[in-house]
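One structure below.
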Amino acid sequence: MNMGPGIVEAGHFALVLALALAIIQAGFPFVGAARRDRRLMGVGAPAAYGQFVFVFLAFLALTQAYVTSDFSVKNVAANSHTLKPMLYKISGVWGNHEGSILLWVLILALFGALVARFGRHLPPSLYARVLSIQALVGVGFYLFLLLTSNPFERLNPVPMEGNGLNPLLQDPGLAFHPPFLYLGYVGLSVAFSFAVAALLEGRVDPAWARWVRPWTLLAWCFLTIGITLGSWWAYYELGWGGWWFWDPVENASFMPWLVATALLHSAIVVEKRDTLKSWTVLLAIIAFSFSLLGTFLVRSGVLTSVHAFATDPERGVFILLFLLLVIGGSLTLYALRVDKLQPGGLFAPMSREGALVFNNMLLTVGAATVLFGTLYPLLLDALTGEKISVGAPYFNWTFVPLMMPLVLIMAVGPFLTWKRADLRGISQRLGLMLLISLVAVVATLLIGGDGVTSVQVMMALWMGLGVWLLMGTLLELAGRIKLFHTSLGDSLRRLGRQPRASWGMTLGHLGLAIAILGMTVTSGWQREHLDVLRAGDEVTLGGYVVEFQGVTPVAGPNYTALEGDFVLRDQEGVVLKHLYPQSRTYTSPPMSTTEAAIHATFWGDLFIALGEAQGETPDGAPRWGVRVYYKPLQLWLWSGAAIMVLGGFVSLSDRRFRVGAPKKKMPKTAAAQKPSGETMHAS
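Take any residue in the sequence shown, count from 1 to its spot, add 768: that is its number in this note's numbering.
Set out below in structure tokens:
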């Protein structure tokens, strides 16, 4: 359907206006901050609001073209089809290169508008500089869109039908995965803007850290949701039964998550102890730099992945130049201005600050390890033409061991006091944690069967670490409410009075412990059965009996499928349910996909994937390839991630993140002499 000139051109024009406002927002407040001109600084907020409005209108225009199947728009014709379900018509807006970049700038403008709304009580010069830097990042992406990746480009002649969306992306998990991932990616731009503004101001203090923390935490939560959705999609959609493959695109989102986690904990030290200032600023720059690097890797076409939007690599030149400008410029500014940041107080290595610094180092080294494994094949190919792949063995033997001491210290850190800690005071609790963890290690080795392999040892160690973190988190909470040291009623009252930020920390650490246990068990003790079955054949696995009933052709809205019917029984023969895995064939574009059927319980998943026809038996019965997996504690992995995200949002609801850092009282004479608006506030 061709809507003719009008809405599409209006969307294009709105994008141009958004660029103009971004240039104004980048320039006027920046000059105003340098000159202390309040009128120029005041331009930033209205420009941020206007920029968001115009980008939103542009996004609505492209969405309308998808919903109405306007194939006169090149982007719609290349990525949509009249028979697609409405959900995938809408998700098709960002399921391609041009639309995904438009979604990026929409979210960037949204965060800019939120900073403009909620940052009004910041010092005027800091407020203006943050808005200017946000806009500068936006200018680069607007130019990229309009000059190389225009989503509103028309086609002539207009095709009668579109090519359709990649069938792998036609899934609820992948429909919502990119928006959440982008909310995380782009959310880190706020921390980046605050870091660069702090370098320009030459000042980082606890109030600055209190402002950076909630924005970083919000981005971290969305990034965690996005990564989990992508992992969940890979688990049930690709038919392999795996949840993480160290795919380069997975790594592209995992690296900023690692650095954002380090930034969150480093900002705590700045807020509580007014130290680690320069390190925290550097982490904020690196976190967003990894977000931009992920965009370059995925959008430039240099990667091949099941969910990368491979496009013309020439576009990558623009992104690469922009990447060098933003990252190189910010790091140069850091090198020139870092000496202006006053060092904070000293602390002993054995302290809460020391534990946080140690974990920061492990997180950043881990991110660097993932970066090397992701980029090395690209660099080798560019320099020598040799093509290699870096797979799971490299990451399992480099990154994974780095995380072991991190989890070890993570459980101990909350017990330690600031500045200097005494381990003797917590030795009893550490002894109990160690004893239970060693029991978990030994039990894992015994359950593993005869012979001790390196894989079993690694699994046992991770089981012990998961239990260690779980016990440490629970014992730390018990210590805060004085459980067993006062009456139960008093402990419950203390539990109810715990700050939400403390609850967030507890839930975050608890969620990670549960996820570690789930990852360890489902990876180490999964069982699989690959077979060729005919109707009536049975498979026994994981305490279930699976009977194959046969295959039936079915039709979907834009695909045909072969659907298997499997009866699931327990060991006593009681029918629990029917499972219906499918092998789908799409025509626009032509592709086959696997839709697994999963029976999920608290203790494990039974996973069935239907393969191809494998001929017939002598009596003429068709035979089919079938993969059956039993994955114990798989639900713990997803539940752990959900609890971590819940902890993040609980922390965000803490009133202290809304009122900001308390101001020090000043004598009246000093207050009278201080210029208006220079007092640090936070809304």
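Where is the CB? At the ideal position from N, CA and C, for every residue including glycine.
Could you tell me which of the options sits nearest to residue i, measuring between CA atoms?
i       : options                               : result
Pro1386 : Arg1352, His1346 and Arg1302          : Arg1302
Met1172 : Asp1338, Gly1232, Leu1114 and Pro814  : Gly1232
Ile1238 : Gly970, Ala1208 and Glu969            : A small correction: the amino acid at residue 1238 is Leu; Ile does not occupy that position in the sequence shown. For Leu1238, the nearest C-alpha among the options comes from Ala1208.
His1367 : Gly1276, Pro919, Pro1358 and Ala1377  : Ala1377
Ile1177 : Phe1022, Leu1130, Leu997 and Gly1141  : Leu1130
Asn934  : Arg1105, Val1319, Ala846 and Thr1241  : Ala846
Asp939  : Thr1290, Pro853, Gly1292 and Val1342  : Pro853
Ser957  : Val1223, Leu1026, His1277 and Phe879  : Phe879
Ala833  : Ile875, Pro919, Leu913 and Gly887     : Pro919
Ile901  : Val1168, Trp862 and Pro797            : Pro797
Gly1393 : Val1319, Asn1019 and Trp1001          : Val1319
Ile1204 : Leu1242, Trp1011, Trp1012 and Thr1221 : Leu1242
Phe1086 : Lys1108, Pro946 and Leu1061           : Leu1061
Glu1039 : Val1094, Glu1121, Leu997 and Trp1025  : Glu1121
Glu1380 : Ser1059, Gly1332, Gly1199 and Val1307 : Gly1332
Pro1400 : Phe1126, Asp1373, Arg888 and Arg804   : Asp1373
Ala1409 : Pro927, Val1158, Ile1282 and Glu1340  : Ile1282
His1346 : Phe1375, Thr1166, Pro1321 and Trp1371 : Phe1375
Pro946  : Arg1395, Gly1272 and Ile875           : Ile875
Trp837  : Ser848, Val1094 and Phe827            : This sequence places Ser at residue 837; Trp is not what is there. Looking at the Cα atoms, Ser848 is the closest of the given residues.
Tyr817  : Ser1351, Ala790, Ala778 and Lys842    : Ala790
Met1226 : Gly1292, Gly970 and Gly1247           : Gly1292
Pro814  : Asp1422, Leu882, Leu1174 and Leu1420  : Leu882
Ala788  : Ser1259, Leu855 and Ala877            : Ala877
Leu1091 : Leu855, Val905 and His780             : Val905
Leu936  : Tyr1144, Met1359 and Trp1236          : Met1359
Gln1294 : His1253, Leu1251, Gly1216 and Gly1247 : Gly1216
Ser1157 : His889, Trp1165, Pro1145 and Phe1167  : Pro1145
Arg803  : Glu969, Ala782, Lys857 and Gly1234    : Glu969
If contacts are defined as beta-carbon pairs under 8 Å, then residue i and residue j qualify, I think. What distance do you get, rounded to the angstrom?
i       : j       : result
Ala965  : Leu894  : 5 Å
Tyr1004 : Ala1364 : 5 Å
Pro959  : Leu1031 : Per the sequence shown, residue 959 should be read as Ala rather than Pro. Confirmed, about 6 Å.
Leu1309 : Tyr1398 : 5 Å
Leu1006 : Thr1362 : 7 Å
Val844  : Gly930  : 6 Å
Trp983  : Gly955  : 6 Å
Glu1315 : Val1335 : 4 Å
Val1066 : Ala1020 : 6 Å
Leu997  : Phe948  : 6 Å
Leu1026 : Gly1134 : 6 Å
Val1037 : Leu899  : That pair is no contact at about 27 Å.
Ala1035 : Arg1083 : With a Cβ gap of about 35 Å, Ala1035 and Arg1083 do not count as contacting.
Leu1099 : Ile1053 : 7 Å
Ala1211 : Ser1119 : Rounded, the Cβ-Cβ distance is 34 Å, inconsistent with contact.
Leu1206 : Val1180 : Rounded, the Cβ-Cβ distance is 16 Å, inconsistent with contact.
Val861  : Val776  : No, Val861 and Val776 are not in contact; Cβ-Cβ is about 13 Å, not under 8 Å.
Gly1415 : Gly1272 : 4 Å
Residues bridged to residue i by DSSP?
i       : result
Val1486 : The requested residue 1486 does not occur in the structure, where the chain is confined to residues 769 to 1451.
Phe1316 : Phe1334
Pro1321 : Leu1330
Arg922  : Val841
Please confirm whether any heavy atom of the ligand ADP lies closer than 6 Å to the CB of residue i.
i      : result
Val823 : In terms of ligand content, the structure shown is empty, and the ligand ADP therefore cannot be addressed.
When the cut-off is 7 Å and only beta carbons count, does residue i lie next to chain D?
i       : result
Asp1373 : Protein chain content of the structure displayed is limited to a single chain, and chain D is not contained in it.
Handout entry: Completely contained beta strand (DSSP E) runs for the region 1233-1311, where each covers 3 or more residues
Key = 1295-1301 and 1306-1309
Handout entry: Unbroken stretches of the beta strand (DSSP E), 3 residues or longer, contained in the region 1333-1399
Key = 1343-1347, 1350-1355, 1358-1363, 1365-1368 and 1372-1384
Practice task
Could you tell me which uninterrupted alpha helix (DSSP H) segments, each at least 4 residues in length, are contained entirely in the region 1112-1200, listed from first to last along the chain?
Solution key: 1120-1152 and 1160-1180
Problem - beta strand (DSSP E) runs wholly inside the region 781-868, at least 3 long, in chain order - result: none
Exercise for the section: Give a yes or no on contact between the region 1311-1327 and the region 1344-1362, applying the rule of three or more CB pairs nearer than 8 Å. Expected result: yes
Exercise for the section: Flag this pair as touching only if the region 1128-1148 and the region 1105-1114 have three or more C-beta atom pairs under 8 Å; answer yes or no. Expected result: no
Exercise for the section: Decide yes or no for the touch test of the region 880-896 against the region 803-812: beta carbon pairs closer than 8 Å, at least 3 of them. Expected result: yes
Exercise for the section: Could you tell me which uninterrupted beta strand (DSSP E) segments, each at least 3 residues in length, are contained entirely in the region 883-907, listed from first to last along the chain? Expected result: none
Handout entry: contact_flag[the region 974-991, the region 913-928] where n(CB pairs < 8 Å) is 3 or more
Key = no
Practice task
Indicate whether the contact test is met: 3 or more Cβ pairs, each with one atom in the region 860-880 and one in the region 823-833, closer than 8 Å.
Solution key: yes
Problem - Whole runs of the alpha helix (DSSP H) within the region 952-1024, excluding any shorter than 4 residues - result: 974-1005
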